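Trainee:
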Amino acid sequence: MRLTKEMRWMLPAGVAVLLSVLYFGILMPVRSSGDQSLFERGLDSPLRLWLNGYLGVFFNLRFLGNSMWLLFPMLFLGLLNWRSLKAWRQGLLLFLFVAIVVIGAMGGFNYRYSFTLVPVLLMLLVAVLNERMELEGLAIRARDRVFLGLALAAVVNLAMAVTHRRMVAAKDPARKAAPMAALTDPRRLDSTPKDLDGWLTELGVGPGDTVLVNNLPIYFYTTDRVGVYYWCGSDTYYGPSGERSWLRTRTDDEAAIFMRDSLQSRFIFGDENLNRYDPRYQSFLNTHCTLLATDPKGHTLHRLADTFGR
Amino acid sequence: MNDWLHLVLVTLLTNIGVGAVWASLLLQRRNELGLGRTVIVIIGLGLAPWSVSWCLNILLLLLPGLPHGAVLGVVLGFFLLLGVLGRHGWKELLEWIKERPAMLRSTDFMSFLFITAIMAVGALMLLTFKPLADHDILEYGTQGRIFLRDMAVHYERHHYDPISGFYYVGLHGFSFPLLFTWEGLFGPTTDIWVRSMTPWYVWLLVALIWSTMRSVGPWAPLWTLALMGSTLAFIYMDLIYHVDPLRVFFFTASMLLFVQLIQTPSIATALVLGVLLGAHAHLHSLGMILGCLMCGVLLVVNWASIASRIRWVLVAGVPFMLAGGAHYIVDMLYGTGWLLKDITWF
Numbered sequence: 134m135r136l137t138k139e140m141r142w143m144l145p146a147g148v149a150v151l152l153s154v155l156y157f158g159i160l161m162p163v164r165s166s167g168d169q170s171l172f173e174r175g176l177d178s179p180l181r182l183w184l185n186g187y188l189g190v191f192f193n194l195r196f197l198g199n200s201m202w203l204l205f206p207m208l209f210l211g212l213l214n215w216r217s218l219k220a221w222r223q224g225l226l227l228f229l230f231v232a233i234v235v236i237g238a239m240g241g242f243n244y245r246y247s248f249t250l251v252p253v254l255l256m257l258l259v260a261v262l263n264e265r266m267e268l269e270g271l272a273i274r275a276r277d278r279v280f281l282g283l284a285l286a287a288v289v290n291l292a293m294a295v296t297h298r299r300m301v302a303a304k305d306p307a308r309k310a311a312p313m314a315a316l317t318d319p320r321r322l323d324s325t326p327k328d329l330d331g332w333l334t335e336l337g338v339g340p341g342d343t344v345l346v347n348n349l350p351i352y353f354y355t356t357d358r359v360g361v362y363y364w365c366g367s368d369t370y371y372g373p374s375g376e377r378s379w380l381r382t383r384t385d386d387e388a389a390i391f392m393r394d395s396l397q398s399r400f401i402f403g404d405e406n407l408n409r410y411d412p413r414y415q416s417f418l419n420t421h422c423t424l425l426a427t428d429p430k431g432h433t434l435h436r437l438a439d440t441f442g443r
Numbered sequence: 352m353n354d355w356l357h358l359v360l361v362t363l364l365t366n367i368g369v370g371a372v373w374a375s376l377l378l379q380r381r382n383e384l385g386l387g388r389t390v391i392v393i394i395g396l397g398l399a400p401w402s403v404s405w406c407l408n409i410l411l412l413l414l415p416g417l418p419h420g421a422v423l424g425v426v427l428g429f430f431l432l433l434g435v436l437g438r439h440g441w442k443e444l445l446e447w448i449k450e451r452p453a454m455l456r457s458t459d460f461m462s463f464l465f466i467t468a469i470m471a472v473g474a475l476m477l478l479t480f481k482p483l484a485d486h487d488i489l490e491y492g493t494q495g496r497i498f499l500r501d502m503a504v505h506y507e508r509h510h511y512d513p514i515s516g517f518y519y520v521g522l523h524g525f526s527f528p529l530l531f532t533w534e535g536l537f538g539p540t541t542d543i544w545v546r547s548m549t550p551w552y553v554w555l556l557v558a559l560i561w562s563t564m565r566s567v568g569p570w571a572p573l574w575t576l577a578l579m580g581s582t583l584a585f586i587y588m589d590l591i592y593h594v595d596p597l598r599v600f601f602f603t604a605s606m607l608l609f610v611q612l613i614q615t616p617s618i619a620t621a622l623v624l625g626v627l628l629g630a631h632a633h634l635h636s637l638g639m640i641l642g643c644l645m646c647g648v649l650l651v652v653n654w655a656s657i658a659s660r661i662r663w664v665l666v667a668g669v670p671f672m673l674a675g676g677a678h679y680i681v682d683m684l685y686g687t688g689w690l691l692k693d694i695t696w697f
């Protein structure tokens, strides 16, 4: 059976759906089995590191959709036919190639950097596909049907991506609601603690007390209190002379003394989701601190246990 | 002042007022730029918030400690004077505005208005229900309010605030934090205008894509937006307050100018390309990196004689540096060290 021209052009949409099924059905896990940060970014295996990271512009289907892979052969064919291209196309192609390599190598760990190129690449995709179909004699209506096919495939991919997020969230009670949840209930957009300053005062934190803040800049933004900015994921706290390690270079007992005497802090402000990015830190919270409160949005306040372990 | 009134006031003065000044200046050079009027107006509107942050960067660096009112007056006065240079660009702008109602008869413009209406409702929901909650923008915001408190910008090894203990880990240009500073000059109790930058620049990006893709086919804009809109990344960009909509907008606009420069080089095109690259750099380090790569590609690809290519890259390179690129040179020499420092990647 011979495929009509229009059916042939529909094939990419079919391949896109197939890729989505394979990607979400086989490749992407729904539960972390190791490093939480790498799992969140979808980089927790060598294959995923390549597909979602280095080549993420084309194959990070979770965030960038299932149309971008089409750019891979398109740019490759462009490079093969380099000499026949007009100068502006050569310039565009070379720049995009270099940008994809640089972003993939340096910023592939974060889909947001790859997304920088997406609007331009999608404009290019639609323009080139339209041009090729026109050259093959496809009428405008037929071309629109091909694009409609691609758009529907993209919607299918989006549905799978949302389902995947939900499955991940279902396996992980400490995870904060994904922004998508806000589409059905806008109140869920607000993940901030309610009256943080009042909450801290209520829990016995004096206005002059220094609080160790685990990667929650809202503390500095909404209160006039003093803090030590810390991130357990990299065990880094920040002072006047930059980054320092806190737990890695000390035993738990030494770390507690250092926190009290050198950082001059007895309180730790964090949240349930971020607290588990480092098992050592979490264990320190459990053994050397007392959980004073957890607010409805998962923010936590711990106090260093005193000499008598209270 | 009521938050919404405050939003309207700052938007009218900044996005619309300063945006109109930029649009008139660019429309004066429309023939040289070779872009449609709508694309030029969109780029003008996009340049407005960035350009006030650029002015603040210069003022707070060179004349620290000025009172809020004086800084506000100097910046707005500067753009008022700049507006005088717009001359017949204003006439073009007025004509463009007058043509809009007639476009209501075209199906594709109505489709664009429909998308705009949906986005406007989404923006209202976002601004009503979501305070500044996301991690990165809270860091930008805290630093912006430190700039506002001190009325000074410093290039220093560590951006550590001894009063609060906050440490600004960002290594990017100061443009985005300075938007908080700008809003704070009107009244330091709200951040609704900076929050509105997310939906505003997403809408400008959508409008830019729409206007550009209309030349490909009547439904090409819709297909492009459907493919982009069906990605989690785009939806998140819409729902999470961040610098991303701004930098993606500036990058996309700079790509249009990049292609235009190779096709029909002109001084105006090279200058505007340079400003867009600089604005992107002033917002984010990636802008600096991509801007340098773009200049490199302009030099390498054989689109004119090598002497011409060098000349055009220089014409674009000067505004690129002035508008934002120079920040990184100063930061490397006198500040954090930028990429030369030992970076903890997040």
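Chains as they are written, first to last, in the working numbering: chain V, 134 to 443; chain Y, 352 to 697.
Note that CB positions come from ideal geometry on N, CA and C, so glycine has one too.
No experiment lies behind these values; they were computed from the predicted model shown.
Between which two residues does the alpha helix (DSSP H) harbouring residue 561 of chain Y extend?
Mentor: Its alpha helix (DSSP H) spans residues 543-564.
Trainee: Can you give the Cα-Cα distance for residue 439 of chain V and residue 516 of chain Y, rounded to whole angstroms?
Mentor: Going by the C-alpha atoms only, they are around 24 Å apart.
Trainee: Is there a Cβ of chain Y sitting closer than 9 Å to that of residue 350 of chain V, yes or no?
Mentor: It does; some Cβ of chain Y falls within 9 Å.
Trainee: For residue 184 of chain V, collect the residues of the same chain with a Cβ closer than 6 Å to its Cβ; drop the 5 residues on either side in sequence, then sort them by chain order.
Mentor: Contacts found: 192.
Trainee: So with CB distances below 7 Å, who are the chain V contacts of residue 490 of chain Y?
Mentor: In chain order: 350.
Trainee: Using a Cβ-Cβ cut-off of less than 7 Å, give me the residues of the segment 536-564 of chain Y that come near chain V, in sequence order.
Mentor: For the segment 536-564 of chain Y, which is checked against every Cβ of chain V, the residues closer than 7 Å are 556, 560, 563, 564.
Trainee: Here's a check: name, in chain order, each residue in its chain whose Cβ is nearer than 8 Å to the Cβ of residue 342 of chain V, leaving out the five neighbours to either side.
Mentor: Around residue 342 of chain V: 358, 359, 398, 399, 400.
Trainee: Using only the alpha-carbon positions, how far apart do residue 386 of chain Y and residue 592 of chain Y sit?
Mentor: If you take the alpha carbons of residue 386 of chain Y and residue 592 of chain Y, they lie about 30 Å apart.
Trainee: Let's see if you can read the secondary structure: which residues bound the beta strand (DSSP E) around residue 155 of chain V?
Mentor: Run containing residue 155 of chain V: none in the beta strand (DSSP E); it sits in the alpha helix (DSSP H), 138-155.
Trainee: Is the segment 567-577 of chain Y touching the segment 518-528 of chain Y, taking contact as three or more C-beta pairs under 8 Å?
Mentor: Contact between the segment 567-577 of chain Y and the segment 518-528 of chain Y is absent, because fewer than three Cβ pairs lie under 8 Å.
Trainee: Cutting at 7 Å between CB atoms, please list the residues of its own chain near residue 315 of chain Y, excluding the five before and the five after it.
Mentor: Any answer about residue 315 of chain Y is impossible in this case: the structure gives chain Y only from 352 up to 697.
Trainee: Could you check whether residue 207 of chain V and residue 253 of chain V sit closer than 9 Å to each other, using their CB atoms as the reference points?
Mentor: Result no, Cβ atoms of residue 253 of chain V and residue 207 of chain V do not sit closer than 9 Å.
Trainee: Any beta-carbon of chain Y closer than 9 Å to the one on residue 236 of chain V?
Mentor: Yes, because at least one Cβ of chain Y sits closer than 9 Å to the Cβ of residue 236 of chain V.
Trainee: Scan the segment 601-637 of chain Y and note each continuous beta strand (DSSP E) run of 3 residues or more that stays entirely inside, going in chain order.
Mentor: The segment 601-637 of chain Y contains no whole beta strand (DSSP E) run of 3 or more residues.
Trainee: Which residues, in order along the segment 650-669 of chain Y, keep a beta-carbon less than 9 Å from a beta-carbon of chain V?
Mentor: Those residues of the segment 650-669 of chain Y that come within reach of chain V (Cβ to Cβ, closer than 9 Å) are 651, 652, 653, 654, 655.
Trainee: For residue 556 of chain Y versus residue 603 of chain Y, is the C-beta spacing smaller than 9 Å?
Mentor: Their beta carbons are under 9 Å apart, which means residue 556 of chain Y touches residue 603 of chain Y by this criterion.
Trainee: State the Cα-Cα distance for the pair residue 459 of chain Y and residue 680 of chain Y, rounded to the nearest angstrom.
Mentor: Spanning the two alpha carbons is a distance of roughly 45 Å.
Trainee: When burial is assigned at 16 or more other CB atoms within 10 Å of the CB, is residue 538 of chain Y buried or exposed?
Mentor: With fewer than 16 Cβ atoms within 10 Å of its Cβ, residue 538 of chain Y is classed as exposed.
Trainee: Can the beta-carbon of residue 225 of chain V be found less than 9 Å from the beta-carbon of residue 610 of chain Y?
Mentor: It is a contact, given that the beta carbons lie within the stated cut-off.
Trainee: What does the alpha-carbon distance come out to for the pair residue 340 of chain V and residue 489 of chain Y?
Mentor: Spanning the two alpha carbons is a distance of roughly 21 Å.
Trainee: Exposed or buried, which one is residue 382 of chain V when buried takes at least 16 other CB atoms within 10 Å?
Mentor: Exposed is the call here.
Trainee: What ranges does the alpha helix (DSSP H) occupy inside the segment 151-238 of chain V, keeping only unbroken runs of at least 4 residues that lie completely in it?
Mentor: Complete alpha helix (DSSP H) runs here, min 4: 169-174, 189-192, 194-197, 204-213.
Trainee: Is residue 400 of chain Y closer than 9 Å to residue 554 of chain Y when the C-beta atoms are compared?
Mentor: No, the Cβ-Cβ distance between residue 554 of chain Y and residue 400 of chain Y is not below 9 Å.
Trainee: Against chain Y, does residue 260 of chain V count as a neighbour if the rule is that its beta carbon must be under 9 Å from one of theirs?
Mentor: With 9 Å as the cut-off, residue 260 of chain V counts as an interface residue toward chain Y.
Trainee: Just how far apart, CA to CA, sit residue 375 of chain Y and residue 440 of chain Y?
Mentor: Taking the straight line joining both Cα atoms gives about 4 Å.
Trainee: What residues are listed by DSSP as bridge partners for residue 347 of chain V?
Mentor: Answer by DSSP bridge pairing, in chain order: V/363.
Trainee: Along the chain, where does the beta strand (DSSP E) containing residue 495 of chain Y start, and where does it finish?
Mentor: From DSSP, residue 495 of chain Y is part of no beta strand (DSSP E) but of the alpha helix (DSSP H) over 486-501.
Trainee: Return the chain-ordered list of same chain residues with a C-beta closer than 6 Å to the C-beta of residue 384 of chain Y, the five sequence neighbours on each side being excluded.
Mentor: For residue 384 of chain Y, where only same-chain residues beyond five positions count, the Cβ hits under 6 Å are 619, 620.
Trainee: Measure the C-alpha to C-alpha separation of residue 363 of chain V and residue 371 of chain V and round it to an integer number of angstroms.
Mentor: Going from the Cα of residue 363 of chain V to the Cα of residue 371 of chain V covers about 6 Å.
Trainee: Are the CB atoms of residue 425 of chain V and residue 409 of chain V within a distance shorter than 9 Å?
Mentor: Against a cut-off of 9 Å, the Cβ pair of residue 425 of chain V and residue 409 of chain V comes out as no contact.
Trainee: Under the DSSP definition of a beta bridge, which residues are partnered with residue 376 of chain V?
Mentor: Answer by DSSP bridge pairing, in chain order: V/371.
Trainee: Assess, as a yes-or-no matter, whether the segment 670-685 of chain Y is touched by the segment 628-635 of chain Y under the definition of 3 or more beta carbon pairs within less than 8 Å.
Mentor: A contact exists between the segment 628-635 of chain Y and the segment 670-685 of chain Y.
Trainee: In whole angstroms, give me the CA-to-CA distance for residue 282 of chain V and residue 182 of chain V.
Mentor: Distance between the alpha carbons of residue 282 of chain V and residue 182 of chain V: 29 Å.
Trainee: Kindly list, in the order they appear in chain V, the residues whose Cβ is closer than 7 Å to that of residue 481 of chain Y.
Mentor: Under the 7 Å cutoff, chain V gives 322, 323.
Trainee: Name, in chain order, the residues that DSSP records as bridge partners for residue 436 of chain V.
Mentor: Looking at the DSSP assignment, residue 436 of chain V forms a beta bridge with V/400, V/423.
Trainee: Under a three-way DSSP split, which group does residue 519 of chain Y fall into?
Mentor: Three-state result, residue 519 of chain Y: coil.
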